[in-house]
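Counting in the numbering used here, the sequence shown runs from 20 upward without gaps.
Quick reminder that beta carbons are idealized off the backbone N, C-alpha and C, glycines included.
Here the structure is a predicted model, which means the values were calculated and not measured.
Have a look at the structure below before the remarks.
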Amino acid sequence: MHLASPKVGQLLFRLVNHLTATQQEPLTIVELGTSLGITTAYLASPGSRNSVLTFDDAEDASDIALDVWRELELKNIQPVIGSIDDTLQTIRTKRIDLAYIHDAYTYEATMRFFRQLLPTAGQHSIFVIGGIHHSAEMEHAWLDIQDIGQVTSTIDCYDVGVVFFNKHYMKKHYKIRI
């Protein structure tokens, strides 16, 4: 179970807030790894019209998360419990506006989840990858994600990597600290 730092939560909140302000339609947000539901709350808070699908295989953590969301009066979150590999295939959306992948900090899982979500990425979609410097294999996954053809720009924020698909952005990879 990985809890995002408050800085990462605030970054996610700001990204969703920006997308909500610039998009005409409600956003579809996907989180892989619900944990205690705190990061999910950051994703759900900026827009009650947005839909947040949060995937996790730990049923006991989802009870805690449900209490957190109830306390915060967040009604736009849909938990999906079960093996992420199995349940992620049930997504019936054409476009994911923001995806936060932070469930398994391994090369294989990160790349598998990224590739599963990639067909749903639109020009204005943003994917955020957790733990990009957690291990050598995660750093390798981060470099491989940067080389994927649809990826136009990335930002290495140390704790997370932010991935853009906008063809109007110059192909560049930035490093900043948040």
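For residue i, which residues does DSSP report across the bridge?
i, result
"Ser70", "Thr47"
"Asp75", "Ile100"
Does residue i come out as helix, strand or coil in the three-state DSSP assignment?
i, result
"Lys191", "strand"
"Phe183", "strand"
"Glu92", "coil"
"Ile83", "helix"
"Ile57", "helix"
"Ala23", "coil"
"Gln108", "helix"
"Arg196", "coil"
"Gln29", "helix"
Here's the rule: buried if 16 or more other CB atoms are within 10 angstroms of the residue's CB, otherwise exposed. What is residue i?
i, result
"Asp104", "exposed"
"Gly168", "exposed"
"Thr173", "buried"
"Ser102", "exposed"
"Asp163", "exposed"
"Thr53", "buried"
"Ser67", "exposed"
"Leu81", "A small correction: the amino acid at residue 81 is Ser; Leu does not occupy that position in the sequence shown. Classification for Ser81: buried."
Leaving out five residues on either side along the sequence, give the residues of the same chain with a beta carbon under 8 Å from the beta carbon of residue i.
i, result
"Ile48", "Val35, Leu62, Ala63, Asn69, Ser70, Val71, Leu72, Ile115, Asp116, Leu117, Ala118, Tyr119"
"Phe32", "Tyr61, Leu62, Ser64, Pro65"
"Asn95", "Ala63, Gly66, Ser67, Arg68, Asn69, Ser70, Val71"
Leaving out the 5 sequence neighbours to the left and right, which residues in its chain are closer than 6 Å to residue i when beta-carbon positions are compared?
i, result
"Gln198", "Because residue 198 is not part of the residues shown, which for the chain are 20 to 197, the question remains open."
"Phe146", "Ala118, Val182"
"Thr129", "Ala160"
"Thr58", "Ala23, Gly28"
"Gly149", "His121, Val179"
"Gln165", "Thr173, His192"
"Asp175", "Lys194"
Tell me which same chain residues have a C-beta within less than 7 Å of the C-beta of residue i, skipping the five on either side of it?
i, result
"Thr171", "Phe183, Phe184, Asn185, Lys186, Tyr188, Lys190"
"Leu91", "Ala60"
The ligand GTP and residue i: does any heavy atom of the ligand fall closer than 7 Å to the residue's C-beta?
i, result
"Leu136", "Summarising the ligand content, the structure contains no ligands, and the ligand GTP is consequently not present."
Where in the region 113 to 181 do unbroken runs of the beta strand (DSSP E), each at least 3 residues long, occur, reported from the N-terminal end onward? Inside the region 113 to 181, DSSP marks whole beta strand (DSSP E) runs of 3 or more residues at positions 115 to 120, 140 to 149, 172 to 175, from first to last along the chain.
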